[in-house]
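Undergrad:
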Amino acid sequence: MAKTIMISNDVYNSLKAIKEKENKSYSEVILESLEKNKKKTVGNLKECLGLFKDDKEYDKVMKEAKKGWDRWNKRYA
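Written out as structure tokens, the structure is:
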């Protein structure tokens with residue numbers, strides 16, 4: 473079922489440009505954008521950092537990441 477949403481002209485023009493360039497529907501463009509944002513998570517960052525467990529600076533990096541995460545949680549969560 474189709475739904476109507478209101479967006480600014482700037483957003484519409486950006487979506488339209490991507491839609492025409494990649495020959496996709498608006499739904500596909502929006503869905504891909506949402507999927508890309510899902511991939512940018514702290515869990516994925518921690519997973520990547522886990523590759524460096526044998527690195528001497530791993531503990532230092534993890535402590536800094538935890539401090540940053542705690543600050544973020546206090547502000548936004």
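Numbering (the numbering used here), first residue to last: 473 to 549. Note that the Cβ used here is the ideal one computed from N, Cα and C, for glycine as well.
Distance, Cα to Cα, Tyr462 vs Asn481?
TA: This structure does not reach residue 462, given that the chain is present from 473 up to 549, and the question cannot be answered.
Undergrad: Would you tell me roughly how many angstroms separate the C-alpha atoms of Ala474 and Lys535, rounded to the nearest one?
TA: Their backbone Cα atoms lie some 47 Å apart in a straight line.
Undergrad: Would DSSP call Leu534 helix, strand or coil?
TA: The sequence shown places Met at residue 534, not Leu. Helix, per DSSP.
Undergrad: Excluding the 5 residues flanking Leu487 on each side, which residues of the same chain have their C-beta closer than 8 Å to its C-beta?
TA: Same-chain partners within the cutoff: Ile479, Tyr498, Val501, Ile502.
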